[in-house]
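For the sequence shown, the working numbering gives the first residue as 233, with consecutive numbering after it.
Positions of the beta carbon are idealized from the N, C-alpha and C atoms, including for glycine.
Here the structure is a predicted model, which means the values were calculated and not measured.
Here is the structure we will look at, set down as structure tokens.
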Amino acid sequence: MESINDPKRVVLRFSDQYWLEDAAINEQFFALHGPKPLNDFYSHLIPPNESSKMYIILDIYCNSHPTIDDSTITYEVFRVRKNGNLYATTSLP
């Protein structure tokens, strides 16, 4: 069973037209899906590679677990779409 502070990775997929809004996307994700861990997450912005999609990789509780094996970490993937001034996230299978 996963505890509340188990490390996890979140992948946020979004259109490259929002590439300057990564901080707002992160804030909206934490507002919708749980509290933002204070100084215990890292955000990696992955630029498009011959695609119109970009990715933000959020490593949550990475400072609490600095030696975690990346192959064992749980992850979730979300599609991000802009809805007015907010970003909506949809979990992908």
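How long is the line joining the alpha carbons of residue i and residue j, rounded to whole angstroms?
i                 : j                 : result
isoleucine 301    : arginine 241      : For clarity, residue 301 is aspartate in the given sequence; the question names isoleucine instead. Near 12 angstroms, if we compare the C-alpha coordinates of arginine 241 and aspartate 301.
lysine 285        : arginine 313      : 11 angstroms
tyrosine 274      : asparagine 237    : 15 angstroms
isoleucine 257    : proline 239       : 20 angstroms
aspartate 358     : serine 283        : No answer is possible for residue 358: the residues shown for the chain start at 233 and end at 325.
phenylalanine 262 : asparagine 317    : 16 angstroms
serine 296        : phenylalanine 246 : 28 angstroms
threonine 299     : tyrosine 307      : 17 angstroms
glutamate 259     : tyrosine 319      : 9 angstroms
Beta carbon of residue i, beta carbon of residue j: below 8 angstroms?
i              : j              : result
leucine 324    : arginine 311   : yes
isoleucine 345 : leucine 244    : Any property of residue 345 remains undetermined from this structure, which presents the chain solely from 233 to 325.
leucine 277    : aspartate 248  : no
proline 211    : isoleucine 292 : This structure gives no information on residue 211, because the portion of the chain shown stretches from 233 to 325.
threonine 321  : leucine 264    : yes
Could you give the residue range of the beta strand (DSSP E) that holds residue i?
i          : result
serine 323 : 318–324
Tell me residue i's beta-bridge partners as DSSP assigns them.
i             : result
tyrosine 194  : Because the chain in this structure spans residues 233 to 325, residue 194 falls outside the shown range and cannot be described.
serine 296    : Serine 296 is not bridged to any residue.
aspartate 291 : Arg241, Tyr274
Next on the checklist: Quick check for students: name the residue ranges of the beta strand (DSSP E) that lie wholly in the region 249–288, counting only runs of 3 or more.
Outcome noted: 273–278
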